[in-house]
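Chemist: Chains as they are written, first to last, in this note's numbering: chain A, 14 to 557; chain B, 37 to 248.
Glycine residues also receive a C-beta, built at the ideal position from the N, C-alpha and C atoms.
Mind having a look at this structure? Questions to follow.
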């Protein structure tokens, strides 16, 4: 009864992991799996760097009036932490997951345009090096924040090469992301296995399709903003015109809001896969979820003005309407999460714990987002720690938890070895504690009047207590990351081998070896739905 | 326009909605976890969708979103009564300058050295602020008024408010503007209109025009 399709490439193409050429081959590979893993690995290494910068900042802010770092160094820290996390960590790891997984999930032997994909990775590496090399220059790294408004960012108010290197870094890494997103989208559209119709693509692949569409639609606007900033650094009189300053802000946020969902959707998709697998059932409400992702992506292109509610230059009512409307597709995604776990047979693996925690934690980010979408509330909390709390609940309590769900889930597939569940659970509980201890107090400090991007604050018992609590949370998070690193090192040393399908997976990547061969599949099982392996198991049960 | 009252009203409603939504979803979430330890929780349904439940749920979410959007847009309506007083605000690296329009009185200070400018204003009267910058983008934030507005170079932004209660309030720059952004505060002192008038008369007879 099991139909086996024809092999897609000569038999010797399936030898696992060709190693000839060593390092040089590893870095010039045209295998989407290796490019994906290089991207994810680079992003995780940079994640550690950005986390260390955050720890320094929380050290400085633990008490008011400290001099752990100088005010100028503090500005470099928050700029590179924010820029690094957005341009060099979460976006690349989100898009990199797609590079690795999408061809596997759609039954393709490789990604479309593998050389272009490799170029995308190297542009990202070059951009990362450019941005970080600012620390080695005389004036230090860039210090104007991740959105770097002119005229502050022009060459009159920000001297030295750090800011220029930052512009180069953002431009290169964003260009790399456009290439990676393009080839992944191209693959999903043109390289699906014969029976893999669009509405049989797994939820994760759908989440990548909309992510890649948003990347292609929104990131060019960032390139334009960077070109404008570069022009203004060459000739600061450019920013002598009010309209140019406002144009930059709009060009920036036309990218700057969709990128929030670029850094979010792949983790919604990953969480959906993990929840379905460890609920032992199909994901509930597949079609509404796919539709909601599409609506969400379309709306995401029309909400950027809510970042400019306090500029006096934005049509606030319009952007409030579109921003609040986002809660409808977001609500549909929550229906999928909740009804899957409410009707499933839950299995508490580490991946599942991270996916489950994503549900209430991201919700805090989402609900506070509705408040920020309300102009009269935003007029108070914009530019404050309330906003810092909000986006760390979306990006850290949400996306990073989704990322760890993905890492624990797909680690055996990618490496052929298992991660430790005991250390995984310790990592998880430290993350839950650290995240909420660090970020929940920030809603309070922002509400009470603490602006973001300040290296100190006026001493008051409440503000001091809130900040100290946040700093303690940051320490707990650092401990959690050490545990994760230990788990990774132990996994690679002890090498507990992973089977092709250690979790009872539902999608095609679990139908090939761990790690998969060079061209992914020797044969592809029949594809009758968005959970083809589950369909197969059910039919085998029925045949018995 | 009483900005703090408007904020408090809207914020209270949205926080209530947020708490209810968070509560409902958390209850469902905890129910799923508790259920997983029961006999029923050992079986997984394979029903691919729950169309009726989802339709009802989406209608509720959409209705709530429509309600919040209506609240948001309604509260953002502004009316401009004729201001009793207009203050020209200039942000610069790194402090503030306030000029009381129609008078020679100007207040500034040196924020970086801790000499914060003191902006004296009357309570209960409509006041217009004309906000601009001399250099980079700043943002004038008066947390007690629950309001802020960007100060751009080469452009004048305007807002209008009354100050409901007397007191001393800390205010600050909320948009990163360079190395001493963290120091760019000022003090708002709101006093009864009669006291404000006598302060203003005193400033004008003092003739210096500038205090710090």
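#1: Strictly below 9 Å CB to CB, what residues from chain B border residue 348 of chain A?
#2: Is it true that the CB of residue 395 of chain A sits closer than 8 Å to the CB of residue 184 of chain B?
#3: Does DSSP put residue 299 of chain A in a helix, in a strand, or in coil?
#4: Mind listing the chain A neighbours of residue 208 of chain B? Cutoff is C-beta to C-beta under 8 Å, in chain order.
#5: In the DSSP output, which residue or residues are listed as bridge partners for residue 430 of chain A?
#6: Touch check for the region 451 to 462 of chain A and the region 400 to 411 of chain A: three-plus C-beta pairs under 8 Å?
#7: Given a limit of 7 Å on CB to CB distance, which residues of the region 178 to 204 of chain B reach chain A?
#8: Pick out whichever of A:176, A:118, A:422 has its Cα sitting closest to the Cα of residue 246 of chain A.
#9: I'd like to confirm the pairing. Which residues does DSSP put opposite residue 121 of chain B in its beta bridges?
#10: If the cut is a Cβ gap below 7 Å, which residues of chain A does residue 211 of chain B touch?
#11: Can you list the beta strand (DSSP E) stretches of 3 or more residues lying completely in the region 51 to 127 of chain A, in chain order?
#12: Taking any Cβ of chain B, which residues in the region 370 to 402 of chain A have a Cβ under 8 Å from it, in chain order?
#13: Since residue 292 of chain A sits in a beta bridge, which residues does DSSP pair it with?
#14: Rounded to whole angstroms, what is the Cα-Cα separation between residue 223 of chain B and residue 55 of chain A?
#15: Taking Cβ positions, are residue 87 of chain A and residue 70 of chain A nearer each other than 8 Å?
#16: At 8 Å on the CB atoms, spell out the chain A contacts of residue 43 of chain B, in chain order.
#17: Can you give me the start and stop residues for the alpha helix (DSSP H) that residue 403 of chain A sits inside?
#18: Looking at the structure shown, is residue 195 of chain B part of a helix, part of a strand, or coil, going by DSSP?
#19: Under 8 Å, CB to CB, which of the residues in the region 333 to 348 of chain A have a partner in chain B?
#20: Going along chain B, which residues have a C-beta under 9 Å from residue 150 of chain A?
#21: How big is the Cα-Cα spacing for residue 104 of chain A and residue 300 of chain A?
#22: In the DSSP assignment, find the unbroken alpha helix (DSSP H) run with residue 540 of chain A in it and report its ends.
#23: Can you tell me the Cα-Cα spacing of residue 226 of chain A and residue 282 of chain A, whole angstroms?
#24: Is residue 78 of chain B close to chain A, meaning its C-beta is less than 8 Å from at least one C-beta of that chain?
#25: Using only CA atoms, which one of A:350, A:270, A:261 lies nearest to residue 316 of chain A?
#26: Can you check whether the CB of residue 415 of chain A is closer than 8 Å to the CB of residue 363 of chain A?
#27: What are the start and end residues of the beta strand (DSSP E) that includes residue 135 of chain B?
#28: At 9 Å on the CB atoms, spell out the chain A contacts of residue 214 of chain B, in chain order.
#29: What are the partner residues of residue 177 of chain B, as DSSP defines its beta bridges?
#30: What are the residues in the region 293 to 306 of chain A lying within 8 Å of chain B by C-beta distance?
#31: Please report the straight-line C-alpha distance between residue 428 of chain A and residue 468 of chain A, rounded to a whole angstrom.
#32: Starting from residue 357 of chain A, find everything on chain B with Cβ-Cβ shorter than 7 Å and list it in chain order.
#33: For residue 226 of chain B, which residues does DSSP report across the bridge?
#34: Give the single residue among A:547, A:490, A:359 whose Cα lies nearest to the Cα of residue 66 of chain B.
#35: Per DSSP, residue 168 of chain B is paired with what?
#36: Cutting at 6 Å between CB atoms, please list the residues of its own chain near residue 90 of chain A, excluding the five before and the five after it.
Modeler: Looking at the atomic coordinates:
#1: Per Cβ cutoff of 9 Å: 86, 89, 90, 93, 94, 97.
#2: Result yes, Cβ atoms of residue 184 of chain B and residue 395 of chain A sit closer than 8 Å.
#3: Residue 299 of chain A falls in the helix class under three-state DSSP.
#4: Within 8 Å of the CB of residue 208 of chain B, the CB atoms of chain A belong to 462, 464, in sequence order along the chain.
#5: Partner residues in the beta bridge of residue 430 of chain A, as assigned by DSSP, are A:510.
#6: Using a C-beta cut-off of 8 Å, the region 451 to 462 of chain A makes contact with the region 400 to 411 of chain A, since at least three inter-stretch Cβ pairs fall below that distance.
#7: Contact annotation: in the region 178 to 204 of chain B, residues whose CB is within less than 7 Å of a CB in chain A are 179, 182, 183, 184, 185, 186, 188, 189, 190, 191, 193.
#8: Sorting A:176, A:118, A:422 by C-alpha distance to the C-alpha of residue 246 of chain A places A:176 at the top.
#9: Residue pairing for residue 121 of chain B: DSSP places it in a beta bridge opposite B:163.
#10: Within chain A, the C-beta atoms nearer than 7 Å to that of residue 211 of chain B come from 396, in chain order.
#11: As summarised for the region 51 to 127 of chain A, there are no continuous beta strand (DSSP E) elements at least 3 residues long confined to that stretch.
#12: The region 370 to 402 of chain A vs chain B, Cβ under 8 Å: 372, 373, 376, 377, 380, 381, 383, 384, 386, 387, 388, 389, 390, 392, 393, 395, 396, 397.
#13: Bridge partners of residue 292 of chain A: none, in fact.
#14: Going by the C-alpha atoms only, they are around 47 Å apart.
#15: Yes, they are a contact pair.
#16: The contact set of residue 43 of chain B on chain A, defined by CB atoms closer than 8 Å, consists of 389, 390, 392, 393 in chain order.
#17: Counting along the chain, the alpha helix (DSSP H) containing residue 403 of chain A begins and ends at 398 to 407.
#18: Correct three-state label for residue 195 of chain B: strand.
#19: Those would be 333, 334, 337, 338, 340, 341, 344, 345, 347, 348, in chain order.
#20: Under the 9 Å cutoff, chain B gives no residues; its nearest Cβ is about 17 Å from residue 150 of chain A.
#21: Cα to Cα, residue 104 of chain A sits roughly 26 Å from residue 300 of chain A.
#22: Segment: none, residue 540 of chain A is in no alpha helix (DSSP H) and carries neither H nor E.
#23: A straight line joining the alpha-carbon of residue 226 of chain A with that of residue 282 of chain A spans about 15 Å.
#24: Judged by the 8 Å Cβ criterion, residue 78 of chain B is in contact with chain A.
#25: Selection A:350, A:270, A:261 evaluated against residue 316 of chain A yields A:270 as nearest (Cα-Cα).
#26: Between residue 363 of chain A and residue 415 of chain A, the CB-CB gap reaches or exceeds 8 Å.
#27: For residue 135 of chain B, the enclosing beta strand (DSSP E) stretches over residues 131 to 136.
#28: Listed along the chain, the chain A residues whose CB falls inside 9 Å of the CB of residue 214 of chain B are 88, 156, 157, 165, 170, 171.
#29: Residue 177 of chain B pairs with B:184, B:208.
#30: Residues of the region 293 to 306 of chain A with a Cβ closer than 8 Å to any Cβ of chain B, in chain order: 293, 294, 295, 297, 298, 299, 300, 301.
#31: Residue 428 of chain A and residue 468 of chain A have their alpha carbons spaced roughly 42 Å apart.
#32: Going along chain B in sequence order, the residues near residue 357 of chain A (Cβ under 7 Å) are 80.
#33: Note: residue 226 of chain B is bridge-paired with B:157, B:203 in the DSSP secondary-structure output.
#34: Checked all of A:547, A:490, A:359; the closest Cα to residue 66 of chain B is A:359.
#35: Residue pairing by DSSP places residue 168 of chain B opposite B:126 in a beta bridge.
#36: Taken in chain order, the residues that qualify are 66, 69, 70.
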